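Participant:
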Amino acid sequence: MIELARHAVESTVAAGAGDAEAYASEDAGREVRAHGGAVESLTAATRRGIGVRAWIGKRAGYAYGTDLSGAGIRELAARAAETARIADEDEFAGPPKAPVRLMDPTGPKGAPERAGALDLSDGSIGEWGVDRIADLALGVERAAIEADARVAGVEQAVYADSAERIAIASSAGVEAEYERTSCYGYTQALAEGEGARETGLGFGLGRGPAALDPEEIGREAAARATEMIGAGKPSSRGCPVVLDATVAASFVALIGRALGADAVQRGRSPFAELAGKAVADEAFVVHDDGLDPEGPDSSPVDSEGTPRCRLPLIEDGTLRTFLYDTYTARRAGTVSTGSASRGGYRSQPSVGASNLLVATGQLDLEGLLAEAGDGVLVTDVAGLHSGVNPVTGVFSVGASGLAIRGGETAEPLREFTIASDLVSMLKAVRATGSAARWVPFGGSVHTPPLLIGEMTVAGS
Amino acid sequence: MNELIEPEVAERVLRRALAGGGEFAEVFCERGAGLTLAIDESRIESVQSGASAGAGVRVLSGGTTYFAHVDGLDPDDLVRAAGEAAAALHAESAEPRPLRAEAVEPQPIALRPAEVPAERKAELLRELDARGRDAGPEISELTASYAEVRREIAVANSDGLLSGDDRTRVRIGVQAVARREGEVQTGSETLGGHRGFELLEDDAGAIAEAAAGKALTLLDAGPAPAGSMPVVIGGGFGGVLFHEMTGHGLEADHVQKGASVYAGKLGAQVAQPLLTAYDDGRMPNEWGSDSIDDEGIPTRKTMVIEDGRLTSFLYDRLTAARDGVAPTGNGRRESFRHLPVPRMTNTYIAPGDAEPEAIVAEVEKGFYAASFAGGQVDPATGDFVFGVSEGYLIEGGRVTRPCRGATLIGNCLEALLAIDAVGSDFEMKTGICGKAGQKVPVGTGQGHVRVRAMTVGGTEL
Numbered sequence: 001m002i003e004l005a006r007h008a009v010e011s012t013v014a015a016g017a018g019d020a021e022a023y024a025s026e027d028a029g030r031e032v033r034a035h036g037g038a039v040e041s042l043t044a045a046t047r048r049g050i051g052v053r054a055w056i057g058k059r060a061g062y063a064y065g066t067d068l069s070g071a072g073i074r075e076l077a078a079r080a081a082e083t084a085r086i087a088d089e090d091e092f093a094g095p096p097k098a099p100v101r102l103m104d105p106t107g108p109k110g111a112p113e114r115a116g117a118l119d120l121s122d123g124s125i126g127e128w129g130v131d132r133i134a135d136l137a138l139g140v141e142r143a144a145i146e147a148d149a150r151v152a153g154v155e156q157a158v159y160a161d162s163a164e165r166i167a168i169a170s171s172a173g174v175e176a177e178y179e180r181t182s183c184y185g186y187t188q189a190l191a192e193g194e195g196a197r198e199t200g201l202g203f204g205l206g207r208g209p210a211a212l213d214p215e216e217i218g219r220e221a222a223a224r225a226t227e228m229i230g231a232g233k234p235s236s237r238g239c240p241v242v243l244d245a246t247v248a249a250s251f252v253a254l255i256g257r258a259l260g261a262d263a264v265q266r267g268r269s270p271f272a273e274l275a276g277k278a279v280a281d282e283a284f285v286v287h288d289d290g291l292d293p294e295g296p297d298s299s300p301v302d303s304e305g306t307p308r309c310r311l312p313l314i315e316d317g318t319l320r321t322f323l324y325d326t327y328t329a330r331r332a333g334t335v336s337t338g339s340a341s342r343g344g345y346r347s348q349p350s351v352g353a354s355n356l357l358v359a360t361g362q363l364d365l366e367g368l369l370a371e372a373g374d375g376v377l378v379t380d381v382a383g384l385h386s387g388v389n390p391v392t393g394v395f396s397v398g399a400s401g402l403a404i405r406g407g408e409t410a411e412p413l414r415e416f417t418i419a420s421d422l423v424s425m426l427k428a429v430r431a432t433g434s435a436a437r438w439v440p441f442g443g444s445v446h447t448p449p450l451l452i453g454e455m456t457v458a459g460s
Numbered sequence: 001m002n003e004l005i006e007p008e009v010a011e012r013v014l015r016r017a018l019a020g021g022g023e024f025a026e027v028f029c030e031r032g033a034g035l036t037l038a039i040d041e042s043r044i045e046s047v048q049s050g051a052s053a054g055a056g057v058r059v060l061s062g063g064t065t066y067f068a069h070v071d072g073l074d075p076d077d078l079v080r081a082a083g084e085a086a087a088a089l090h091a092e093s094a095e096p097r098p099l100r101a102e103a104v105e106p107q108p109i110a111l112r113p114a115e116v117p118a119e120r121k122a123e124l125l126r127e128l129d130a131r132g133r134d135a136g137p138e139i140s141e142l143t144a145s146y147a148e149v150r151r152e153i154a155v156a157n158s159d160g161l162l163s164g165d166d167r168t169r170v171r172i173g174v175q176a177v178a179r180r181e182g183e184v185q186t187g188s189e190t191l192g193g194h195r196g197f198e199l200l201e202d203d204a205g206a207i208a209e210a211a212a213g214k215a216l217t218l219l220d221a222g223p224a225p226a227g228s229m230p231v232v233i234g235g236g237f238g239g240v241l242f243h244e245m246t247g248h249g250l251e252a253d254h255v256q257k258g259a260s261v262y263a264g265k266l267g268a269q270v271a272q273p274l275l276t277a278y279d280d281g282r283m284p285n286e287w288g289s290d291s292i293d294d295e296g297i298p299t300r301k302t303m304v305i306e307d308g309r310l311t312s313f314l315y316d317r318l319t320a321a322r323d324g325v326a327p328t329g330n331g332r333r334e335s336f337r338h339l340p341v342p343r344m345t346n347t348y349i350a351p352g353d354a355e356p357e358a359i360v361a362e363v364e365k366g367f368y369a370a371s372f373a374g375g376q377v378d379p380a381t382g383d384f385v386f387g388v389s390e391g392y393l394i395e396g397g398r399v400t401r402p403c404r405g406a407t408l409i410g411n412c413l414e415a416l417l418a419i420d421a422v423g424s425d426f427e428m429k430t431g432i433c434g435k436a437g438q439k440v441p442v443g444t445g446q447g448h449v450r451v452r453a454m455t456v457g458g459t460e461l
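Protein sequences appear in the order of chains A and B. Going by our numbering, the first sequence opens with residue 1, and the numbers climb by one from there. Going by our numbering, the second sequence opens with residue 1, and the numbers climb by one from there.
(1) Just mark Pro284/B as buried or exposed, buried being the case when its beta carbon has 16 or more other beta carbons within 10 Å.
(2) Note the first and the last residue of the continuous alpha helix (DSSP H) segment covering Lys301/B.
(3) Is the CB of Met103/A under 9 Å away from at least one CB in chain B?
(4) Can the beta-carbon of His385/A be found less than 9 Å from the beta-carbon of Gln376/B?
(5) With DSSP collapsed to three states, give me the class of Cys309/A.
(6) Evaluate Ser235/A with the Cβ neighbour count: other Cβ atoms within 10 Å of its Cβ, from every protein chain shown; 16 or more gives buried, anything less gives exposed.
(7) Just to confirm before moving on: does the CB-CB distance between Cys29/B and Val155/B stay below 9 Å?
(8) Tell me which residues of the stretch 182 to 216 of chain A have at least one Cβ-Cβ distance to chain B shorter than 8 Å, keeping chain order.
(9) Helix, strand or coil for Gln348/A per DSSP?
(10) Val457/A to Gly200/A, Cα distance in whole Å?
(11) Taking only beta-carbon atoms, is Ile409/B less than 9 Å away from chain A?
(12) With which residues is Asp165/B paired in a DSSP beta bridge?
(13) Out of Arg310/A, Ala280/A, Ala283/A, point me to the one whose CA is closest to Gly290/A's CA.
(14) Determine the direct distance from the alpha carbon of Lys429/B to that of Glu201/B, and round the result to whole angstroms.
(15) Could you tell me whether the Cβ atoms of Arg150/A and Ile229/A are closer together than 9 Å?
(16) When DSSP builds the beta bridges, which residues end up paired with Gly443/A?
(17) Please determine whether the Cβ atom of Ala358/B lies at a distance below 8 Å from any heavy atom of the ligand SAH.
(18) Closer than 8 Å is the cut-off here; do at least three beta carbon pairs connect the stretch 38 to 57 of chain A with the stretch 69 to 85 of chain A?
(19) Output yes if chain B places a C-beta closer than 9 Å to the C-beta of Glu21/A; else output no.
(20) Is the beta carbon of Ile349/B sitting closer than 9 Å to the one on Ala421/B?
(21) If you run the structure through DSSP and keep just helix, strand and coil, what is Leu99/B?
(22) Could you name the residues of chain B that Gly161/A contacts, counting a contact when the two beta carbons are closer than 7 Å?
(23) Under 8 Å: do the stretch 331 to 346 of chain B and the stretch 261 to 268 of chain B share three or more Cβ pairs, one atom per stretch?
(24) With DSSP collapsed to three states, give me the class of Gln272/B.
(25) Does the beta-carbon of Gly62/B have 16 or more other beta-carbons within 10 angstroms, so that it is buried, or is it exposed?
(26) May I have the straight-line CA-CA distance separating Pro225/B from Gly457/B, to the nearest angstrom?
(27) Looking at C-alpha atoms only, which residue of Ala144/B, Gly227/B, Gly72/B is the closest neighbour of Ile418/A?
(28) Kindly identify the DSSP beta-bridge partner or partners of Met435/B.
(29) Under 7 Å between beta-carbons, which chain B residues line up against Gly488/A? List them in chain order, please.
(30) Could you run through the stretch 22 to 56 of chain A and flag, in chain order, every residue whose CB is less than 8 Å away from some CB of chain B?
(31) Run the CB neighbour count on Ala14/A, radius 10 Å, all protein chains shown included, and call it buried at 16 or more, exposed below.
(32) What does Ala382/A reach in chain B if we use C-beta pairs closer than 7 Å?
(33) At a CB distance below 9 Å, what residues from the stretch 27 to 44 of chain B approach chain A? Give them in sequence order.
(34) So, at 7 Å on beta carbons, what are the nonlocal neighbours of Thr12/A in its own chain, with the 5 sequence-adjacent residues on each side left out?
(35) In whole angstroms, what separates the C-alpha of Ala110/B from that of Phe384/B?
(36) CB-CB under 8 Å to Met103/A, same chain, minus the five flanking residues each way: which ones, in chain order?
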């Protein structure tokens, strides 16, 4: 892979670029979808491609392709150079300078030891054949149905895995290559009762199938679906709100996006003017850690080859730092935090969080509910992509969950909205739960449930 | 027919796919090329050129779909993919029928975007930037983007079908930010079609003024109301409400799994008699149109609701066979890397009798949702939520002050039945719809529509 990346860099320079960077990736993936006790579909796929950034003077361009033959690379290189010529000059454009050579077998001087020790591959993917992963998906469905008589079925039970290899090279001396495996399983259970149908999601993730517990995934889906039977609307009011870990994670992912320096520099983040200022209650602490051994988004280097690290983002109630890639760091006169991310070879790198980890507190979920007294436990939110203003952080999103009465969960609730803005919400955090989990919705987040002192709930 | 796959190669691939048995095999080939660029801070940036080619092979056997895909269109790779798809099948081989090529007329493209110099595209973005910023000194930021893509596809299957399509789409979008003291508001607008660059030659820059105008208007916004009230939905992108709350529930895969509130309701009165709606993949040059779907079935106009009665679901090949009906040309896929599933194309509520002004005039106290940022629905429960990007109070039969941060929530069965007026005006807008991890271009449309009562989730109790 690294040879291919180097070759693409050389070709792009030969095509007229002053500097070039290539990101090559290859992955093999499988997916099983089960329904009604049978395998609905079985997919096997390989994907290979390369994306090239080209710089001509202060102009930057990008091209990607899947034709990795000599002629294909030459054509790709020519397109990359051509796109750079279309762009306007930008004084901060340019390739990242190579900070370390992670391929050096003696270990890069000063590079974090954690990066060297990072093992992102799980051999169980290769060992589990198609029959075994199909059994896993079927097991998830079975567990959901057997968990509760009111579960009428599942929409689908899915298992998917992938093993990928990524190589990054640049004319400025960056060279990095690593492998990573990942897998997940989920199902959406359908429960029936009181003349209505409810759905509930159960999911699990890990580096290999051995890390997934089909029973647990199925039971979670069943529990989430059945607990919603008979749901009604809450009355509209301001009250304490507990966000369960999956909901908290969705909000934390949004906060991670708003802390990207790109949004900040372009005046499109609610945190733009708040560096070093109070943005949260002291109970809420969040780090970005691209080297967490269990993190779904961990990697030794970011997607432009800069080493990952652990960064405090919000600590002691204060906004400590934004996330920077090379471009935004230059623009701010600082250094990259190793926060360049990309969706694959088809997209250019941009600033993004890796794994966001929210610090746990003292209280378990029951403790948080007791602390809330009377309010709402939110177990699902919808419409986050349309209900949040990314510039101001003002949001109003659809929600469902359970009423909290006398410090305990009571009747199920649906069809209501919760509204606030991101900074007000963080300042209103009263406590964080003691048990955190990984949630992959809209980012990679490890968080416990959160108790928010007050939020607007709009129902009937 | 295009040159993505030679008929002899297609036959070899299909034969290999059925070597271990199976009722049906298909090879889907695709070659795509695209260009995107953006303007931000009045600077042309994020210029990106993409090219990809590949194929997906599927085999259906005993209710299971076996699928494999590869990058590239090398015949040996396609045969290998067929072998991978069929790897788990060990029955007696089945014989594909001889291929017969279908004649398909692609959507007409007058000016191929790839033949337009890049500088003209950059100039268009500069014009959008200038016109948006000129709308008022309170416009503080503006971003605009241009995207063109051409996708050539070919489909061959063991029933003997060999077909193809050549699809070109262009789309521009503008997002403007307006500021006044502590207040920040955004406004956006898009224009797109299954069309060539000619779409953008007729004053495309007007969308920049429209986007900036929305942001400026919203600077005067107050908090949105909270509670249940009559809601008037705007034309055009207001149709996303129907797309989300009803359209998805009509997709036959959801219906057959009992995961749609419309399951078992064919022929039932699901709306007032004043409402008729269609899914139409044949609207000329419309964003969600294609000449054939991604299984080679010609697209068509399907009436889904007639005078309030549910008349049809939307089918791909697999779900149509299960229901014993003809496919409706709704089998769509994001790319060769995805399996086709039933998807909407251009979905709209047909124009009604009511004058848009009269629809508002009858509301004493309510909410006007002129446009949405997007929405989401759980087809199984029918619960939906929409973010309102441009909303106003209705007081005394008139649209009054703008509102910020409103959300509409409800249940689709109830909300659709509660539509008590459909406007005689009509407009189509473009959208990108996500389902099962796949994004496809869809059109949404309607005139002004009124829902008798709906929950508005604002902050003003």
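Note that the Cβ used here is the ideal one computed from N, Cα and C, for glycine as well. Quantities reported herein were computed from a predicted structural model and do not represent experimental measurements.
Facilitator: Once the coordinates are examined:
(1) The Cβ neighbour count for Pro284/B, taken over all protein chains shown within 10 Å, is under 16; the residue is labelled exposed.
(2) Where Lys301/B is concerned, there is no enclosing alpha helix (DSSP H), although the beta strand (DSSP E) it sits in stretches over 301 to 306.
(3) The predicted model places Met103/A with a pLDDT of 39, which falls under 50 and marks its position as unreliable, so this point remains unresolved.
(4) A Cβ-Cβ contact shorter than 9 Å links His385/A with Gln376/B.
(5) Residue state, collapsed to three classes: coil.
(6) With fewer than 16 other Cβ atoms within 10 Å, it is exposed.
(7) Annotated as proximal: Cys29/B and Val155/B, with beta-carbon spacing under 9 Å.
(8) Those residues of the stretch 182 to 216 of chain A placed with their C-beta closer than 8 Å to a C-beta in chain B are Gln188, Leu190, Ala196, Arg197, Glu198, Thr199, ordered along the chain.
(9) DSSP places Gln348/A in coil when its eight states are reduced to three.
(10) Cα to Cα, Val457/A sits roughly 22 Å from Gly200/A.
(11) Output row for Ile409/B: interface = yes.
(12) For Asp165/B, the beta-bridge partners assigned by DSSP are Ile153/B.
(13) Here the closest residue by C-alpha is Arg310/A.
(14) Rounded to the nearest angstrom, the two C-alpha atoms are 18 Å apart.
(15) Result yes, Cβ atoms of Arg150/A and Ile229/A sit closer than 9 Å.
(16) According to the DSSP secondary-structure assignment, Gly443/A is paired through a beta bridge with no residue.
(17) By its list of ligands, the structure shown contains no ligand whatsoever, and the ligand SAH lies outside what it can speak to.
(18) Contact holds between the stretch 38 to 57 of chain A and the stretch 69 to 85 of chain A, because three or more Cβ pairs, one in each stretch, are under 8 Å apart.
(19) No, Glu21/A lies away from the interface with chain B (no Cβ there is under 9 Å from its Cβ).
(20) Going by C-beta atoms, Ile349/B is not nearer than 9 Å to Ala421/B.
(21) Three-state DSSP puts Leu99/B in coil, outside helix and strand.
(22) As written in the sequence, residue 161/A is Asp, which differs from the Gly given in the question. Within chain B, no C-beta atom comes nearer than 7 Å to that of Asp161/A; the closest sits roughly 15 Å away.
(23) With a cut-off of 8 Å, the stretch 261 to 268 of chain B and the stretch 331 to 346 of chain B do not count as touching, because too few Cβ pairs lie within range.
(24) The answer is coil: DSSP assigns Gln272/B none of H, G, I, E or B.
(25) Exposed, because fewer than 16 other Cβ atoms sit within 10 Å of the Cβ of Gly62/B.
(26) Taking the Cα positions, Pro225/B is about 7 Å away from Gly457/B.
(27) Out of Ala144/B, Gly227/B, Gly72/B, Gly227/B has the C-alpha closest to the C-alpha of Ile418/A.
(28) Here the sequence assigns Lys to residue 435/B, which means Met is not the residue at that position. BP columns for Lys435/B point to Gln438/B.
(29) For residue 488/A there is no data in the structure shown, the boundaries of chain A being 1 and 460.
(30) Answer set for the stretch 22 to 56 of chain A: His35, Ala38, Val39, Glu40, Ser41, Leu42, Thr43, Ala44, Ala45, Thr46, Arg47, Arg48, Gly49.
(31) With fewer than 16 other Cβ atoms within 10 Å, it is exposed.
(32) By Cβ distance, chain B contributes Gln376, Val385.
(33) Residues of the stretch 27 to 44 of chain B with a Cβ closer than 9 Å to any Cβ of chain A, in chain order: Leu35, Leu37, Ile39, Asp40, Glu41, Ser42, Arg43, Ile44.
(34) Excluding residues up to 5 positions away in sequence, Ala20, Val52, Ala54, Ala77, Ala80, Ala81 lie with their Cβ nearer than 7 Å to the Cβ of Thr12/A in the same chain.
(35) Each residue's CA atom was taken as its position, placing Ala110/B and Phe384/B some 40 Å apart.
(36) With a pLDDT of only 39 at Met103/A, under 50, the local geometry of the prediction cannot be trusted, and no value is derived from it.
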